[in-house]
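Step one of this worksheet: look at the structure below.
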Amino acid sequence: MLDGAVRRRLDPVLDRLGAALAKRGANPDAITILGFGLGLAAAALVGFRFYSSAAGLILLSRLCDGLDGAVARASGKTDFGGFLDIVLDFAFYGAIPLAFIIADPAANGLAGGFLLFAFYVNGASFLAYAVMAEKRALTTEVRGAKSLYFTTGLAEATETIAFFLAACLFPAWFPLMAVIFAVVCLYTALSRIVLARLTFRNPQ
Numbered sequence: 003m004l005d006g007a008v009r010r011r012l013d014p015v016l017d018r019l020g021a022a023l024a025k026r027g028a029n030p031d032a033i034t035i036l037g038f039g040l041g042l043a044a045a046a047l048v049g050f051r052f053y054s055s056a057a058g059l060i061l062l063s064r065l066c067d068g069l070d071g072a073v074a075r076a077s078g079k080t081d082f083g084g085f086l087d088i089v090l091d092f093a094f095y096g097a098i099p100l101a102f103i104i105a106d107p108a109a110n111g112l113a114g115g116f117l118l119f120a121f122y123v124n125g126a127s128f129l130a131y132a133v134m135a136e137k138r139a140l141t142t143e144v145r146g147a148k149s150l151y152f153t154t155g156l157a158e159a160t161e162t163i164a165f166f167l168a169a170c171l172f173p174a175w176f177p178l179m180a181v182i183f184a185v186v187c188l189y190t191a192l193s194r195i196v197l198a199r200l201t202f203r204n205p206q
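Each position in the sequence shown, counted from 1, maps to that position plus 2 in the numbering used here.
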């Protein structure tokens, strides 16, 4: 929901930085992998209950996630780059809730498991919609130029990162925040199913 507003503010800055990095030979796939590595390091810190340090690495990880696309736009996008980006994004999104479960299984296990279930359903609805949209040659740039069709929703990247940061700042509140955010994710998936019903109901 907030991605559009955030992108309008950040994209010009990221595009200038991405163009400068591209001129120096930066590889967008390497930046994607670096961002994922920072995300895994953040998850490890959460697992060991170093929550404040984890929050800093989460921000750095997501900075890389924005920069890889900016560098790719400046140097030339590839299908593999888009594929790698979305796979590692989903892996990062799963790693942080799992880390909270590891940090305190008794307190966070049930809520964290429910959140991972909601992420799974939401991610499946997102990717399935993208496949059907590609099949029908649908395009959109509502979230900028992407390698696959992006549908908007109540729970997007900005909301997810904000939730992760809030959980790191207030780890004792993770179970309640996780359940609330899981419901938001499931609502997003349900709204995407309704949209798919309206968009794909007729034969191609």
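Beta carbons are placed, not taken as given, at the ideal position from N, Cα and C, and that holds for glycine.
Worksheet item: Just reading off the alpha helix (DSSP H) that threonine 162 is part of, what are its end residues?
Response: Start at 1 with the first residue of the sequence shown, and residue 162 comes out as number 160. Membership of threonine 162 in the alpha helix (DSSP H) is indicated by the continuous run 159-171.
Practice prompt. Give the C-beta separation of phenylalanine 38 and phenylalanine 92 to the nearest angstrom, bearing in mind that I take them to be a contact with Cβ-Cβ under 8 Å.
Written response: Reading the sequence shown from its first residue, position 36 is the one you call residue 38. Reading the sequence shown from its first residue, position 90 is the one you call residue 92. At roughly 10 Å, the Cβ-Cβ gap does not stay under 8 Å, so phenylalanine 38 and phenylalanine 92 are not in contact.
Fill in: Where the alpha helix (DSSP H) through alanine 108 begins and ends
Taking the sequence shown and counting its residues from 1, one reaches residue 108 at position 106. Run containing alanine 108: 107-137, per the alpha helix (DSSP H) assignment.
Worksheet entry | Three-state secondary structure assigned by DSSP to lysine 25 | What you label residue 25 is simply residue 23 of the sequence shown in a count that begins at 1. DSSP places lysine 25 in helix when its eight states are reduced to three.
Fill in: Collapsed DSSP secondary structure at glycine 78 in the structure displayed
The residue given as residue 78 occupies position 76 in the sequence shown. Correct three-state label for glycine 78: coil.
Discussion item. Using a Cβ-Cβ cutoff of less than 7 Å, which residues in the same chain neighbour alanine 74 once the five nearest sequence positions on both sides are dropped?
Written reply: Indexing the sequence shown from 1 puts residue 74 at position 72. Once the five neighbours on either side are set aside, the close Cβ partners of alanine 74 are Pro30, Gly83.
Worksheet item: Rounded to whole angstroms, how far is the Cβ of isoleucine 104 from the Cβ of alanine 44, which I believe are closer than 8 Å?
Response: Within the sequence shown, the letter at position 102 stands for residue 104. Within the sequence shown, the letter at position 42 stands for residue 44. About 13 Å separates the two Cβ atoms, so there is no contact after all.
Worksheet item: Quick one: Cα of leucine 200 to Cα of leucine 188, how far?
Response: Position 198 of the sequence shown holds residue 200. Position 186 of the sequence shown holds residue 188. If I take the Cα positions, the gap works out to 19 Å.
Discussion item. Short of 8 Å in beta carbon distance, which residues of its chain neighbour asparagine 204, apart from the five on each side in sequence? Order them along the chain.
Written reply: If you number the sequence shown from 1, residue 204 lands on position 202. Its chain contains no residue whose beta carbon lies nearer than 8 Å to that of asparagine 204 once the 5 sequence neighbours on both sides are disregarded.
Item to complete: Report the three-state DSSP secondary structure of threonine 201 (helix, strand or coil).
Response: Within the sequence shown, the letter at position 199 stands for residue 201. Correct three-state label for threonine 201: helix.
Discussion item. If you reduce the DSSP assignment to three classes, tell me which class phenylalanine 94 lands in.
Written reply: Position 92 of the sequence shown holds residue 94. In this structure, phenylalanine 94 counts as helix in the three-state DSSP scheme.
Fill in: Terminal residues of the alpha helix (DSSP H) in which alanine 45 lies
Counting from one through the sequence shown, the residue named residue 45 turns up at place 43. Start and end: 30-49.
Worksheet item: Cα separation between threonine 160 and valine 123?
Response: As a first step, residue 160 is located in the sequence shown; it is residue number 158 there, counting from the start. As a first step, residue 123 is located in the sequence shown; it is residue number 121 there, counting from the start. Approximately 18 Å between the Cα atoms of the pair.
Worksheet item: Grouping DSSP H, G and I as helix and E and B as strand, with all else coil, what is leucine 65?
Response: Start at 1 with the first residue of the sequence shown, and residue 65 comes out as number 63. In this structure, leucine 65 counts as helix in the three-state DSSP scheme.
Worksheet item: Leaving out the 5 sequence neighbours to the left and right, which residues in its chain are closer than 8 Å to aspartate 87 when beta-carbon positions are compared?
Response: Counted from its first residue, the sequence shown places residue 87 at position 85. Excluding residues within five positions, the ones whose Cβ falls inside 8 Å are Thr34, Asp67, Asp70, Gly71, Ser149.
Practice prompt. Confirm, please, whether the CB-CB distance from alanine 113 to proline 177 is below 8 Å.
Written response: Within the sequence shown, residue 177 is the residue found at index 175, counting from 1. Within the sequence shown, residue 113 is the residue found at index 111, counting from 1. Result yes, Cβ atoms of proline 177 and alanine 113 sit closer than 8 Å.
Worksheet item: What did DSSP end up calling threonine 190 once you bin it into helix, strand or coil?
Response: Looking up residue 190 in the sequence shown gives position 188. In this structure, threonine 190 counts as helix in the three-state DSSP scheme.
Item to complete: Under the assumption that alanine 130 contacts glycine 49 (Cβ atoms under 8 Å), give the Cβ distance between them as a whole number of angstroms.
Response: The sequence position of residue 130 within the sequence shown is 128, counting from 1. The sequence position of residue 49 within the sequence shown is 47, counting from 1. Going by Cβ atoms, the distance from alanine 130 to glycine 49 rounds to 31 Å, so no, they are not a contact pair.
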